[in-house]
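This note's numbering puts the first sequence at residues 11 to 248.
Since the structure comes first, as structure tokens, the remarks are kept for the end.
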Amino acid sequence: MDRYGEKQQQQLFASYEDASLLVAGSGGAQEERPRARKRRRRAARCGGGGGGGGEVDGGGDPKKRRLSDDQVEMLELSFREERKLETGRKVHLAAELGLDPKQVAVWFQNRRARHKSKLLEEEFTKLKQAHDSAILHKCHLENEVLRLKERLVVAEEEVRRLRSAGTTSHTASAEGGDLVGRGVVCAGSPSSSFSTGTCQPPGVGGGDHLGDDDLMYVPEYGYADNSVVEWFSLYGLI
DNA sequence: CCTAATCTCATCATGGCCCCCATGATGAGCTCATTAGG
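Next comes the structure, spelled out in structure tokens:
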């Protein structure tokens, strides 16, 4: 089972690779199979009498016939119950549907293959979405870091300016125009905290007492905020 | 151990519709596919 599993995995990974690399897929030197060759073969087949590839059982009708809707429905039901096909079930199904057991086996093989490729496709879509949103998230974070740095520089400048003003006149205005010594709390919603954050002196919103140089950011992340939209439109992403 | 049955994978062929897609069928498997029963 282990080796079988490994083998399957290898084949699975191989199937992800470029189709052009798979020309020599199973075991031998196989030449490329362009559409033209297909057509040529078909034409030759039509011209000559039968012959060709894997003609089954000789029999009357070399053409393959589509299974009827009822047959397919039955097979689908059975497949949904159990994807593997034991001999007993195969024979039973074949008898019930008036098919050759071999046909039933082939149908299950093909059905499994299709099921698997569908699953792979779905998985790929999911992974791609996750990847895309991770990239988006990363961009967002980088953007916010930049903004925070800018704001920090501005805030520091402001503090410096106010400090120097404070040293010249020790009379602070009673209207709260001077924030020195009280700390500044920048709080807000995702749409306001980072992009156009509003600053409030502590105490107004039930703030704590902060030290002289305290400047506290209270971020709340949200990815649909204006700053992201702004950023993406800036870089032509939306 | 041997062998038949079965699996996956890649590919071909055909039929239904408009040139490509869905689907039935076949063959290989390379440290020579794996698994199960005798």
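Quick reminder that beta carbons are idealized off the backbone N, C-alpha and C, glycines included.
Proximity test, residue i beta-carbon vs the ligand ATP heavy atom, cut-off 7 angstroms
{"i": "Glu166", "result": "Although the ligand ATP was asked about, the structure shown includes no ligands whatsoever."}
Assigned exposure category for residue i - 16 Cβ within 10 Å defines buried
{"i": "Val114", "result": "buried"}
{"i": "Lys126", "result": "exposed"}
{"i": "Lys112", "result": "exposed"}
{"i": "Ser88", "result": "buried"}
{"i": "Leu103", "result": "buried"}
{"i": "Phe134", "result": "exposed"}
{"i": "Asn120", "result": "exposed"}
{"i": "Asp80", "result": "exposed"}
{"i": "Glu96", "result": "exposed"}
{"i": "Glu86", "result": "exposed"}
{"i": "Glu154", "result": "buried"}
{"i": "His147", "result": "exposed"}
{"i": "Leu109", "result": "buried"}
{"i": "His150", "result": "buried"}
Cutoff 7 angstroms; reference residue i; Cβ partners in own chain excluding five residues on either side
{"i": "Lys100", "result": "Pro111, Val114, Ala115"}
{"i": "Arg285", "result": "Past the edges of the chain, shown from 11 to 248, lies residue 285, and the structure says nothing about it."}
Own chain residues within Cβ distance below 8 angstroms of residue i, not counting five before or after
{"i": "Met2", "result": "It is not possible to answer for residue 2, since the shown part of the chain is limited to 11 through 248."}
Own chain partners of residue i with C-beta closer than 6 angstroms, once the 5 adjacent residues on each side are dropped
{"i": "Arg50", "result": "In this prediction, Arg50 has a pLDDT of 38, which is less than 50 and means its spatial position is unreliable; nothing more can be read from the coordinates."}
At 4 residues or longer, and completely inside the region 81-159: list those alpha helix (DSSP H) runs for me, N to C.
DSSP assignment within the region 81-159 yields the following whole alpha helix (DSSP H) runs of 4 residues or more, N-terminal first: 97-107.
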